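In full-length UniProt numbering, the protein residues as written are 1 to 656.
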């Protein structure tokens, strides 16, 4: 419930003057007096309170004492009213004292008696009896301070809100067992606080949020069982067989708890939750063919002018053989895709469609816009979900404009199978297209822009063919992940007549591990071992790695910032399609001259650097990898590409 409220986070706002708090009607119930409105504090307000005033650099075992010390400085010990809330009832009480060491307030029922319960069974006598059982002491986080215009109790209301939020959203029952040599705020509070606000702002996929909540519930349940087993062993001094069985059970529970805790920490870490990847849709199962064997053309929308229906029937709905084909009409594209089976086709008429959901395509289907991409627009609503997830053997998407606004997930993920993207416009928000291991992408005559990450991410073991595309105004143009130290094949990349321009970073980045032969000193000596003709401008982090080795192509003429690619391909029969062969035959001498540099980039290795690496590795007993062979294996065919006006240059290598 804490994650369902609207987002009020602000990571970088300055401190705001004044401490006056707003008032609100408690749950819209006019029976009770107004309370302080404190549950929508900004991120930086909570961060500053926990870091500067409450927890500072305390250890996990010191948390409760630090909170008690903080409350002792800011909390009014008496003289204020509050609403005591539980899952069953709400009642108005007056605070007469505060026990800071136990984080409890000593309360009395207010006059007149105000109480509301789900079943109406809590009378004045019942509440008095309950308070006597509790010795009139109530946990502070169960109290909501009644509004007071004087401002005298502002800090009291804020302090209780910080305590309540901490124990609801930050604290875990197993935190007390964290090792004390670690700073509790850095290790636990900050990542959990950021995750909370990332979820509020829909920056985390809803599936990952659900996974986190499930893992948290499982961990709490198992930890409680573990504590019960541990306590039963500690209370029993006998060395019986039953105790030995309990010890084994306790060890198993402990291992399970530790495993779940590690999973929770991965999700809480804003970097690792995406480095390790969340692939909820990677295991989608195809429906296959319809039981009755028919194929369907799905048309969007359900209603349309008669003239449009006539044109659509003539152009799309009457193929040469209509036998066994049905036509169905749908209100929106998502409903049409969800109704598809193997071999179906979706035809979307001109219009602007706003969808709230994920296009999960697990069968071989075609998704086609009827008209130009600017006429058929699909806009994604909702921040925390993916847009297109493709796992089908042969998927085709054409003549569409895909629009993301304020999203946190990529625009298209190809998990496996082949996806063809033709004549489309993709306006991205975070990352653009991701081609996973063993997947294949054919992107043709399309335009991709606006990604805050890479416009195109190519994973090891994938295949990517890019023909006549534009990739621009992204953080990076193309990101090629080649983990050569792992058991992955290099990706197979074909690029023809693409324009990669106006990206903030590099036009193309190769991500790979540091090899034995490469050190920071080697990087400082020059880059001619890999790219002989490139000028080096190294960027190193404080620790040295991960780091960028970035090179920009030297212009052939003054003011010319274009680097073109051509004419490199493997000499293997059958590896070039007929279309690519036509490009090769149509090559002009001007293209050959301008593209010679990229040919060197992809195919050449400096003999001097290569000999130096081999000599160094031979002393260590290793065989040096030939970078030219690696690049030739990766780039199957490259011709006529242009890299223009990219902020950091045309090409870079990210070493980790």
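Beta carbons: idealized from backbone N, C-alpha and C, even for Gly. None of the values given here were measured: they were computed from a predicted structure.
Residue 31 by DSSP, collapsed to three states: which one?
As a position in the chain shown, residue 31 is number 31, starting the count at 1. Note: residue 31 maps to coil in three-state DSSP.
Give every residue of the same chain whose Cβ lies closer than 7 Å to the Cβ of residue 164, excluding the five residues on either side of it in the sequence, and list them in chain order.
Within the chain shown, numbered from 1, the residue matching residue 164 stands at position 164. Taken in chain order, the residues that qualify are 141.
Under a three-way DSSP split, which group does residue 265 fall into?
Taking the first residue of the chain shown as 1, we reach residue 265 at position 265. Residue 265: helix per DSSP, three-state reduction.
Relative to the alpha-carbon of residue 440, which residue among 216, 461, 448 and 161 has its alpha-carbon at the smallest distance?
One-based indexing of the chain shown puts residue 440 at position 440. The shortest C-alpha separation from residue 440 is found at 461.
Is residue 650 helix, strand or coil by DSSP?
Here residue 650 refers to the residue found at position 650 of the chain shown. Three-state result, residue 650: strand.
So, at 6 Å on beta carbons, what are the nonlocal neighbours of residue 195 in its own chain, with the 5 sequence-adjacent residues on each side left out?
Taking the chain shown and counting its residues from 1, one reaches residue 195 at position 195. Apart from the 5 residues on each side of it in sequence, residue 195 sits with its Cβ closer than 6 Å to the Cβ of 268 in its chain, given in chain order.
First and last residue of the alpha helix (DSSP H) that includes residue 666?
Since the first residue of the chain shown is 1 and the last is 656, residue 666 is not available in this structure.
Looking at residue 432: is its Cβ nearer than 8 Å to the Cβ of residue 403?
Translated into positions along the chain shown, residue 432 becomes position 432. Translated into positions along the chain shown, residue 403 becomes position 403. Contact flag unset, no.
Under DSSP, the beta strand (DSSP E) around residue 307 begins and ends at which residues?
Indexing the chain shown from 1 puts residue 307 at position 307. The continuous stretches of beta strand (DSSP E) do not include residue 307, which lies in the alpha helix (DSSP H) extending over residues 306 to 312.
Return the CA-CA distance between residue 496 and residue 305, expressed in angstroms with no decimal places.
Here residue 496 is taken as the residue at index 496 of the chain shown, counted from 1. Here residue 305 is taken as the residue at index 305 of the chain shown, counted from 1. Residue 496 and residue 305: Cα-Cα distance of roughly 41 Å.
Need the endpoints of the beta strand (DSSP E) that residue 196 sits in, please.
Taking the chain shown and counting its residues from 1, the one referred to as residue 196 is at position 196. Where residue 196 is concerned, there is no enclosing beta strand (DSSP E), although the alpha helix (DSSP H) it sits in stretches over 190 to 200.
So which of 169, 442 and 315 has the shortest CA-CA distance to residue 217?
Along the chain shown, one-based indexing puts residue 217 at 217. Just measuring C-alpha positions, the residue of 169, 442 and 315 sitting nearest residue 217 is 169.
Does DSSP classify residue 42 as helix, strand or coil?
Numbered from its first residue, the chain shown carries residue 42 at position 42. Coil, per DSSP.
With a threshold of 7 Å on Cβ separation, who are the neighbours of residue 157 within its own chain once the five nearest residues in sequence on each side are excluded?
By 1-based counting over the chain shown, the position of residue 157 is 157. So the qualifying residues of the chain are 21, 36, 38 and 145.
Residue range of the beta strand (DSSP E) that residue 97 falls in?
Here residue 97 is taken as the residue at index 97 of the chain shown, counted from 1. Element bounds for residue 97: 89 to 99.
Evaluate the contact criterion for the region 493 to 508 versus the region 633 to 641: three or more CB pairs, one atom per stretch, below 8 Å.
Using a C-beta cut-off of 8 Å, the region 493 to 508 makes contact with the region 633 to 641, since at least three inter-stretch Cβ pairs fall below that distance.
Whole-number beta carbon distance between residue 446 and residue 425, since they are thought to touch under 8 Å
Your numbering for residue 425 matches position 425 in the chain shown. Your numbering for residue 446 matches position 446 in the chain shown. Yes, residue 425 and residue 446 are in contact; Cβ-Cβ is about 7 Å, under 8 Å.
Please classify residue 721 as buried or exposed, where buried requires at least 16 neighbouring CB atoms within 10 angstroms.
Residue numbering for the chain in the displayed model covers 1 to 656; residue 721 lies beyond these limits and cannot be assessed.
On the DSSP bridge list, what partners appear for residue 503?
Residue mapping note: residue 503 aligns to position 503 of the chain shown, counting from 1. According to DSSP, residue 503 bridges with nothing at all.
Beta-carbon gap between residue 448 and residue 471 smaller than 8 Å
Looking up residue 448 in the chain shown gives position 448. Looking up residue 471 in the chain shown gives position 471. Less than 8 Å separates the beta-carbon of residue 448 from that of residue 471.
Test item: CB-CB of residue 412 and residue 349 under 8 Å
Position 412 of the chain shown, counted from the start, is the residue given in the question as residue 412. Position 349 of the chain shown, counted from the start, is the residue given in the question as residue 349. No.
Whole angstroms is fine: what's the gap from residue 326's alpha carbon to residue 465's?
Taking the chain shown and counting its residues from 1, one reaches residue 326 at position 326. Taking the chain shown and counting its residues from 1, one reaches residue 465 at position 465. Looking at the two C-alpha atoms, the distance is approximately 33 Å.
Count the other CB atoms, across all protein chains shown, that sit within 10 Å of the CB of residue 560; report buried if there are 16 or more and exposed otherwise.
Translated into positions along the chain shown, residue 560 becomes position 560. Residue placement at residue 560 is poorly supported in this model, since its pLDDT is 39, which falls under 50; the coordinates still yield a value, given next. Its Cβ having fewer than 16 others within 10 Å, residue 560 is exposed.
On the criterion of 16 or more Cβ atoms from any shown chain inside 10 Å, does residue 285 qualify as buried, or is it exposed?
Along the chain shown, one-based indexing puts residue 285 at 285. Label assigned to residue 285: exposed.
Should residue 509 and residue 387 be called a contact, given that it needs their Cβ atoms to be closer than 8 Å?
The residue given as residue 509 occupies position 509 in the chain shown. The residue given as residue 387 occupies position 387 in the chain shown. No; because the gap between Cβ atoms is not below 8 Å, this pair is not in contact.
Taking C-alpha atoms, which residue in 300, 342 and 335 lies nearest to residue 371?
The residue you call residue 371 lines up with position 371 of the chain shown. It is 300 whose Cα lies nearest to the Cα of residue 371.
Closest by C-alpha distance to residue 82, when choosing among 397, 374, 69 and 106:
Within the chain shown, numbered from 1, the residue matching residue 82 stands at position 82. The shortest C-alpha separation from residue 82 is found at 106.
Got a sec? Which residues, its chain only, sit under 6 Å from residue 396 by beta carbon, not counting five neighbours each side?
On the chain shown, residue 396 is found 396 positions in, with the first residue counted as 1. For residue 396, where only same-chain residues beyond five positions count, the Cβ hits under 6 Å are 366 and 420.
Residue 328 to residue 210 span [Cα, whole Å]:
Locating residue 328 in the chain shown gives position 328, counting from the first residue. Locating residue 210 in the chain shown gives position 210, counting from the first residue. Per the coordinates, the alpha-carbon of residue 328 lies some 34 Å from the alpha-carbon of residue 210.
Excluding five sequence neighbours on each side, which residues of the same chain lie with their C-beta closer than 6 Å to the C-beta of residue 623?
For the purposes of this step, residue 623 is identified with residue 623 of the chain shown, where counting begins at 1. Low confidence applies to residue 623: its pLDDT is 37, below 50, so where it sits in the model is not reliable, and the reading given next is rough at best. Within the same chain, residue 623 has no close Cβ partners at all.
Roughly how many angstroms lie between the CA atoms of residue 86 and residue 331, to the nearest whole one?
The residue you call residue 86 lines up with position 86 of the chain shown. The residue you call residue 331 lines up with position 331 of the chain shown. Going from the Cα of residue 86 to the Cα of residue 331 covers about 45 Å.
Terminal residues of the alpha helix (DSSP H) in which residue 126 lies:
By one-based count along the chain shown, residue 126 stands at place 126. Per DSSP, the continuous alpha helix (DSSP H) segment holding residue 126 begins and ends at 124 to 133.
Same chain, Cβ closer than 8 Å to residue 381, five either side skipped, listed in chain order:
Indexing the chain shown from 1 puts residue 381 at position 381. Excluding sequence neighbours, residue 381 sits near 354, 355 and 356.
Let's see if you can read the secondary structure: which residues bound the beta strand (DSSP E) around residue 22?
Looking up residue 22 in the chain shown gives position 22. Judged by DSSP secondary structure, residue 22 falls within the beta strand (DSSP E) whose first and last residues are 22 to 24.
Alpha carbons only, please: which of 391, 219 and 233 is nearest the one belonging to residue 262?
The residue labelled residue 262 in the question sits at position 262 within the chain shown. Residue 262 has its Cα closest to that of 219, out of 391, 219 and 233.
Excluding the five sequence neighbours on either side, which residues of its own chain have a C-beta within less than 6 Å of the C-beta of residue 147, listed in chain order?
Taking the chain shown and counting its residues from 1, the one referred to as residue 147 is at position 147. Cβ neighbours of residue 147 within its own chain (closer than 6 Å, five residues either side excluded): 23, 34, 35 and 36.
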